[in-house]
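K.L.:
Here's a structure for you.
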Amino acid sequence: MKHLIAILWPLFLLTVPATSQSDSKAIEIAEEVMEAMGGEKNWAKTRYLQWNFFGRRLWYWDKKTGDVRCEIEGQGVRIAMNINDKSGNVYAHDMIQTHPDSLDKFLNMGYRMWINDSYWLVMPFKLRDPGTTIKYMGLQPNAEGTNCAILELTFTDVGVTPDNKYLIYVDPESHRVVQWDYFKEYSDSEPAMSTPWTGYQKYDKILLSDGRGKRGLSDIAVHRKLPAELFSDVRVVASTIVEH
Numbered sequence: 255m256k257h258l259i260a261i262l263w264p265l266f267l268l269t270v271p272a273t274s275q276s277d278s279k280a281i282e283i284a285e286e287v288m289e290a291m292g293g294e295k296n297w298a299k300t301r302y303l304q305w306n307f308f309g310r311r312l313w314y315w316d317k318k319t320g321d322v323r324c325e326i327e328g329q330g331v332r333i334a335m336n337i338n339d340k341s342g343n344v345y346a347h348d349m350i351q352t353h354p355d356s357l358d359k360f361l362n363m364g365y366r367m368w369i370n371d372s373y374w375l376v377m378p379f380k381l382r383d384p385g386t387t388i389k390y391m392g393l394q395p396n397a398e399g400t401n402c403a404i405l406e407l408t409f410t411d412v413g414v415t416p417d418n419k420y421l422i423y424v425d426p427e428s429h430r431v432v433q434w435d436y437f438k439e440y441s442d443s444e445p446a447m448s449t450p451w452t453g454y455q456k457y458d459k460i461l462l463s464d465g466r467g468k469r470g471l472s473d474i475a476v477h478r479k480l481p482a483e484l485f486s487d488v489r490v491v492a493s494t495i496v497e498h
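Take the sequence shown: its letter number 84 is residue 338 in the numbering used here, and every next letter is one higher.
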């Protein structure tokens with residue numbers, strides 16, 4: 255990985271067809287990616303996800319309700335919030351945060367971190383989200399020399415960084431995403447970051463990848479059930495109430 259850059263990506267809870275500007279070849283490839291990852295039905299049935307973002311932040315996500323929990327490693331900060339309405343609770347500086355300004359600051363921070371960190375985990379499932387446009391750009395080798403189908407991914411009126419552009423490298427045999435290139439501006443000729451996607455494993459009914467070059471995601475899990483207090487009680491750490 256050339257650089258580790260926070261990507262603030264527009265993320266949606268449901269997978270629905272992308273804008274009509276997407277071309278048919280790109281849509282076909284995106285559908286093959288979804289199928290290779292476990293299929294749209296299994297993704298829709300997957301409710302609880304857990305992962306650790308590069309050893310920095312531990313996450314739990316209830317896809318059905320939009321409830322998330324974040325524990326920032328080494329800082330004693332715990333955020334439990336709903337990413338749909340941005341309401342929630344925060345534990346920081348050894349106390350429950352109640353002042354509106356402090357609470358808003360942490361909840362907004364949590365929301366932006368979730369947008370970024372979750373996309374590093376589930377991007378292959380989101381290629382056809384609303385507001386996204388995907389275009390087939392032909393074949394091109396990735397950093398490992400594998401000739402891949404390239405999807406250009408751009409956005410229209412969504413997210414906090416709509417001027418970004420991404421090239422998604424799809425292995426034509428496995429139909430898995432094996433690399434992504436990030437361009438801060440659509441007009442940029444060179445990517446600001448190029449990162450592999452490796453280490454695919456099956457979690458319940460879907461595939462997820464943990465390898466991102468020199469660093470990686472960890473503690474990945476798909477849960478069938480999680481305690482309700484995980485998404486509300488920030489006084490306790492997750493490890494004391496989540497069974498592994």
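Beta carbons: idealized from backbone N, C-alpha and C, even for Gly.
Would DSSP call Gly364 helix, strand or coil?
P.N.:
Taking the sequence shown and counting its residues from 1, the one referred to as residue 364 is at position 110. Correct three-state label for Gly364: helix.
K.L.:
Assuming Ile460 contacts Arg382 under a Cβ cut-off of 8 Å, what Cβ separation, rounded to an integer in Å, is found between them?
P.N.:
Here residue 460 refers to the residue found at position 206 of the sequence shown. Here residue 382 refers to the residue found at position 128 of the sequence shown. About 16 Å; that fails the 8 Å criterion.
K.L.:
Could you check the C-alpha separation between Ile369 and Lys456 for me, to the nearest Å?
P.N.:
Taking the sequence shown and counting its residues from 1, one reaches residue 369 at position 115. Taking the sequence shown and counting its residues from 1, one reaches residue 456 at position 202. When rounded, the distance between both Cα atoms is 23 Å.
K.L.:
Per DSSP, Leu407 is paired with what?
P.N.:
Here residue 407 corresponds to residue number 153 of the sequence shown, with the count starting at 1. Leu407 pairs with Ile388, Tyr420.
K.L.:
Among Trp313, Trp297, Ala298, Thr410, whose alpha-carbon lies nearest the alpha-carbon of Gln304?
P.N.:
Along the sequence shown, one-based indexing puts residue 304 at 50. Checking every option, the nearest Cα to that of Gln304 belongs to Trp313.
K.L.:
For the segment 462–491, which segments carrying the alpha helix (DSSP H) assignment without a break, of at least 4 residues, lie completely within its bounds, in sequence order?
P.N.:
With a minimum length of 4 residues, no continuous alpha helix (DSSP H) run stays inside the segment 462–491.
K.L.:
For Glu325, which of helix, strand or coil comes out of DSSP?
P.N.:
Within the sequence shown, numbered from 1, the residue matching residue 325 stands at position 71. Looking at Glu325 - three-state DSSP - the assignment turns out to be strand.
K.L.:
Are there 16 or more other CB atoms within 10 angstroms of the CB of Glu406, so buried, or fewer, so exposed?
P.N.:
Translated into the one-based positions of the sequence shown, residue 406 becomes position 152. Of the other Cβ atoms in all chains shown, 16 or more fall within 10 Å of the Cβ of Glu406; this residue is therefore buried.
K.L.:
Tell me the rounded alpha-carbon separation between Thr352 and Met363.
P.N.:
As a working mapping, residue 352 is identified with position 98 in the sequence shown. As a working mapping, residue 363 is identified with position 109 in the sequence shown. If I take the Cα positions, the gap works out to 16 Å.
K.L.:
Go to Asn343, then tell me how far its beta strand (DSSP E) extends in each direction, as first and last residue.
P.N.:
One-based indexing of the sequence shown puts residue 343 at position 89. It spans 342–346 - the beta strand (DSSP E) in which Asn343 sits, taken as one unbroken run.
K.L.:
Going by Cα to Cα distance, which pick from Tyr373, Thr449, Ser428, Met335 is closest to Ala397?
P.N.:
As a first step, residue 397 must be located in the sequence shown, where it is residue number 143. For Ala397, the nearest C-alpha among the options comes from Thr449.
K.L.:
Could you tell me whether the Cβ atoms of Val432 and Ile283 are closer together than 7 Å?
P.N.:
Counting from 1 along the sequence shown, the entry for residue 432 is found at position 178. Counting from 1 along the sequence shown, the entry for residue 283 is found at position 29. No, these two residues do not count as a Cβ contact at 7 Å.
K.L.:
By Cβ distance below 8 Å, which residues in the same chain neighbour Lys279 in space, the five residues on each side in sequence not counted?
P.N.:
Stepping through the sequence shown from its first residue, residue 279 is reached at position 25. Tyr390, listed in sequence order.
K.L.:
Closer than 8 Å is the cut-off here; do at least three beta carbon pairs connect the segment 467–475 with the segment 292–308?
P.N.:
As far as the Cβ criterion goes, the segment 467–475 touches the segment 292–308, which means the pair count is three or higher.
K.L.:
On the DSSP letters alone, give me the boundaries of the alpha helix (DSSP H) that Met335 sits inside.
P.N.:
For the purposes of this step, residue 335 is taken as the residue at position 81 of the sequence shown. Careful: Met335 lies outside any alpha helix (DSSP H), inside the beta strand (DSSP E) at 331–336.
K.L.:
Measure from the alpha carbon of Tyr454 to the alpha carbon of each residue in Gly292, Ser276, Val488, then state which is nearest.
P.N.:
Within the sequence shown, residue 454 is the residue found at index 200, counting from 1. It is Gly292.
K.L.:
Taking the C-alpha atoms as reference points, what is the distance between Glu483 and Pro426?
P.N.:
Taking the first residue of the sequence shown as 1, we reach residue 483 at position 229. Taking the first residue of the sequence shown as 1, we reach residue 426 at position 172. Cα-Cα distance, rounded: 43 Å.
K.L.:
What did DSSP end up calling Lys456 once you bin it into helix, strand or coil?
P.N.:
The count along the sequence shown starts at 1 and reaches residue 456 at position 202. Strand at Lys456.
K.L.:
Mind pulling the alpha helix (DSSP H) runs of 4 or more residues that sit fully within the segment 269–319?
P.N.:
Listed in chain order, the complete alpha helix (DSSP H) runs (minimum 4 residues) inside the segment 269–319 are 278–290, 294–299.
K.L.:
By how many angstroms is the C-alpha of Gln329 removed from the C-alpha of Asp487?
P.N.:
The residue given as residue 487 occupies position 233 in the sequence shown. The residue given as residue 329 occupies position 75 in the sequence shown. Rounded to the nearest angstrom, the two C-alpha atoms are 17 Å apart.
K.L.:
Could you pull the DSSP bridge partners for Phe437 from this structure?
P.N.:
The residue labelled residue 437 in the question sits at position 183 within the sequence shown. In the DSSP output, where bridge partners are listed per residue, Phe437 has Lys419.
K.L.:
Based on DSSP bridge pairs, tell me the residues matched to Ser448.
P.N.:
Indexing the sequence shown from 1 puts residue 448 at position 194. Partner(s): Asp435.
K.L.:
Looking at the strands, I want to know which residues DSSP matches up with Ile350.
P.N.:
The sequence position of residue 350 within the sequence shown is 96, counting from 1. DSSP, once it has assigned bridges, lists Tyr345 as partnering Ile350.
K.L.:
What do you reckon, are the CB atoms on Tyr345 and Arg332 nearer than 7 Å?
P.N.:
Along the sequence shown, read from residue 1 onward, the residue named residue 345 stands at position 91. Along the sequence shown, read from residue 1 onward, the residue named residue 332 stands at position 78. Contact flag set, yes.
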